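K.L.:
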Amino acid sequence: MNSSRLFKDLMRHEFRNKGSWRKQSRNRLPRSWRLVYFSLFIIAAFAISLYFALHNQLELTRLWYVTLGLPYMIIFMGVGSLRREWENDTYGWWLTLPYPRMWLISAKWIAAILQTIAVILFLFVVGSLYALFISSTIQPYTLADAVSFIIAGFNWFVMIIAFTPFVIALGLLTASTKYSTLRPLNPLLWILLMGGGSVFYWSGDHQIYEQFDHVQTGQWFPFTWHFPVAALISWIAAYVLIRLNAYLLEKKLSI
-6 MNSSRLFKDL
4 MRHEFRNKGS
14 WRKQSRNRLP
24 RSWRLVYFSL
34 FIIAAFAISL
44 YFALHNQLEL
54 TRLWYVTLGL
64 PYMIIFMGVG
74 SLRREWENDT
84 YGWWLTLPYP
94 RMWLISAKWI
104 AAILQTIAVI
114 LFLFVVGSLY
124 ALFISSTIQP
134 YTLADAVSFI
144 IAGFNWFVMI
154 IAFTPFVIAL
164 GLLTASTKYS
174 TLRPLNPLLW
184 ILLMGGGSVF
194 YWSGDHQIYE
204 QFDHVQTGQW
214 FPFTWHFPVA
224 ALISWIAAYV
234 LIRLNAYLLE
244 KKLSI
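Taking the working numbering, the leading residue of the sequence shown gets -6, the next gets one more, and so forth.
#1: Does the beta-carbon of N(-5) have 16 or more other beta-carbons within 10 angstroms, so that it is buried, or is it exposed?
#2: Output the distance between the C-alpha atoms of P91 and L3, rounded to the nearest integer angstrom.
#3: Quick one: any contact between the region 223 to 243 and the region 93 to 107, if contact means 3 or more CB pairs under 8 Å?
#4: Below 8 Å on the Cβ atoms is my contact criterion, and I expect W213 with A145 to pass it. Report the Cβ-Cβ distance as a whole number of Å.
#5: Report yes if the CB atom of L75 is closer than 8 Å to the CB atom of L165, and no otherwise.
#6: Buried or exposed: P180, going by 16 or more other Cβ atoms within 10 Å of its Cβ?
#7: Assign S(-3) to buried or exposed, taking buried as 16 or more other Cβ atoms, counted over all protein chains shown, within 10 Å of its Cβ.
#8: Where DSSP assigns a beta bridge to L246, which residues make up the other side?
#9: Do you know offhand how far L53's Cα is from Y134's?
#10: Looking at the structure shown, is F31 part of a helix, part of a strand, or coil, going by DSSP?
#11: Rounded to a whole number of angstroms, what is the C-alpha to C-alpha distance between T170 and A105?
#12: Is the beta carbon of A124 less than 8 Å from the beta carbon of F142?
#13: Grab me the residues of P177's own chain with a C-beta within less than 8 Å of its C-beta, minus the 5 sequence neighbours each way, in chain order.
#14: What does the alpha-carbon distance come out to for the pair L51 and S173?
#15: What whole-angstrom Cβ distance do G71 and I184 have, given they're in contact under 8 Å?
#16: With burial defined as no fewer than 16 other Cβ atoms inside 10 Å of the residue's Cβ, what is the status of R77: buried or exposed?
#17: Quick one: complete alpha helix (DSSP H) runs, 4+ long, within the region 117 to 147?
#18: Restricting to runs no shorter than 4 residues, where is the alpha helix (DSSP H) found entirely within the region 33 to 110?
#19: Taking L(-1) as part of the alpha helix (DSSP H), name the residues at either end of that continuous run.
#20: For T83, count neighbouring Cβ atoms within 10 angstroms of its own Cβ and tell me buried if that reaches 16, exposed if not.
#21: Could you round the C-beta distance between I153 and I113 to whole angstroms and report it? I think they count as a contact, below 8 Å.
#22: Assign T167 to one of three DSSP states: helix, strand, or coil.
#23: Are the CB atoms of T109 and T257 within a distance shorter than 8 Å?
#24: Less than 8 Å between the beta carbons of L163 and L234, yes or no?
#25: From F126 to Y30, what does the alpha carbon distance come to, in whole angstroms?
Here's what the structure looks like:
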């Protein structure tokens, strides 16, 4: 079996990982009830937005505001991807797998990126279908309103996906420092993560809501050349962080 096949199998295992067994065992709420509560939340959100739509008080593009917490969720996906090995007491097995540490951490990194993209695609499809439903059944909403909504969502999610590799790499580094000789840096990295998220929402003199409005221009990909350059720099930085993660797990591990 060649190395690329082995790495794909490792990445597939990480992608399918169901989370922390210890946390699941402490959760006394049955899965069926969690599904009930989630369904009630979806129904309530649908009913509330439909009420405002029927009274012509719903601005479709602002429905994407419910995804403003997504960047923070991505941070914890990166942290949790590594931390669950310690929570499940499987770190010993994981670290002794016959693969380079770079493979081990890269598999988690790529799997978390793919999980994020899957969540974003789900949100985008569901949101788009809902906008099409509103525009086709309720006046005065039109197909043009739905198209504007879809374009705004596309532009917004492109922004998130572009910087997801860096955010997840930083989350992995935050988790790995906790289990290395660099443990004293862990609180500082948490401050950087949370503070960086705040900067994202309060960038310069513009709130994130104003930035979000910027992608609602009705134009596909309404970004200047600064955006792809910034994204490229973040990808390079993400690779450096992944190399650093591998180094910490190889040379600086403290169990």
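C-beta atoms are modelled at their ideal positions from N, C-alpha and C, and glycine is treated no differently. Remember, predicted model here, so these are calculated numbers, not experimental data.
P.N.:
So, from the listed chains and residues:
#1: Position 2 of the sequence shown holds residue -5. Looking at its Cβ environment, which holds fewer than 16 other Cβ atoms inside 10 Å, N(-5) is exposed.
#2: Numbered from its first residue, the sequence shown carries residue 91 at position 98. Numbered from its first residue, the sequence shown carries residue 3 at position 10. The alpha-carbon atoms of P91 and L3 are separated by roughly 11 Å.
#3: yes
#4: Along the sequence shown, one-based indexing puts residue 213 at 220. Along the sequence shown, one-based indexing puts residue 145 at 152. Actually they do not touch by this definition, with Cβ atoms about 10 Å apart.
#5: Your numbering for residue 75 matches position 82 in the sequence shown. Your numbering for residue 165 matches position 172 in the sequence shown. Cβ distance < 8 Å, so L75 and L165 count as in contact.
#6: Counting from 1 along the sequence shown, the entry for residue 180 is found at position 187. Exposed is the call here.
#7: Position 4 of the sequence shown, counting from 1, holds the residue named residue -3. So S(-3) ends up on the exposed side.
#8: Walking along the sequence shown from the start, residue 246 turns up at place 253. Note: L246 sits in a beta bridge opposite S173.
#9: As a working mapping, residue 53 is identified with position 60 in the sequence shown. As a working mapping, residue 134 is identified with position 141 in the sequence shown. Between the alpha carbons of L53 and Y134 lies a distance of about 9 Å.
#10: By one-based count along the sequence shown, residue 31 stands at place 38. Of the three classes helix, strand and coil, the one that applies to F31 here is helix, per DSSP.
#11: For the purposes of this step, residue 170 is taken as the residue at position 177 of the sequence shown. For the purposes of this step, residue 105 is taken as the residue at position 112 of the sequence shown. Whole-angstrom Cα-Cα distance: 19 Å.
#12: As a working mapping, residue 124 is identified with position 131 in the sequence shown. As a working mapping, residue 142 is identified with position 149 in the sequence shown. Yes, these two residues count as a Cβ contact at 8 Å.
#13: Locating residue 177 in the sequence shown gives position 184, counting from the first residue. Answer for P177: no residue qualifies.
#14: Against the sequence shown, residue 51 aligns to sequence position 58. Against the sequence shown, residue 173 aligns to sequence position 180. Their backbone Cα atoms lie some 50 Å apart in a straight line.
#15: The sequence position of residue 71 within the sequence shown is 78, counting from 1. The sequence position of residue 184 within the sequence shown is 191, counting from 1. About 16 Å; that fails the 8 Å criterion.
#16: For the purposes of this step, residue 77 is taken as the residue at position 84 of the sequence shown. So R77 ends up on the buried side.
#17: DSSP runs (the alpha helix (DSSP H)) wholly in the region 117 to 147: none.
#18: 63 to 80 and 84 to 88
#19: As a working note, residue -1 is residue 6 in the sequence shown. For L(-1), the uninterrupted alpha helix (DSSP H) segment begins and ends at S(-4) to F8.
#20: For the purposes of this step, residue 83 is taken as residue 90 along the sequence shown, with counting starting at 1. Label assigned to T83: exposed.
#21: Locating residue 153 in the sequence shown gives position 160, where the first residue counts as 1. Locating residue 113 in the sequence shown gives position 120, where the first residue counts as 1. Between I113 and I153 the Cβ distance is about 7 Å, and since that is below 8 Å, they are a contact.
#22: The sequence position of residue 167 within the sequence shown is 174, counting from 1. Of the three classes helix, strand and coil, the one that applies to T167 here is helix, per DSSP.
#23: Given a span of -6 to 248 for the chain in the structure shown, any question on residue 257 remains unanswerable.
#24: Within the sequence shown, residue 163 is the residue found at index 170, counting from 1. Within the sequence shown, residue 234 is the residue found at index 241, counting from 1. Cβ atoms of L163 and L234: closer than 8 Å.
#25: Locating residue 126 in the sequence shown gives position 133, counting from the first residue. Locating residue 30 in the sequence shown gives position 37, counting from the first residue. So the two alpha carbons sit approximately 24 Å from each other.
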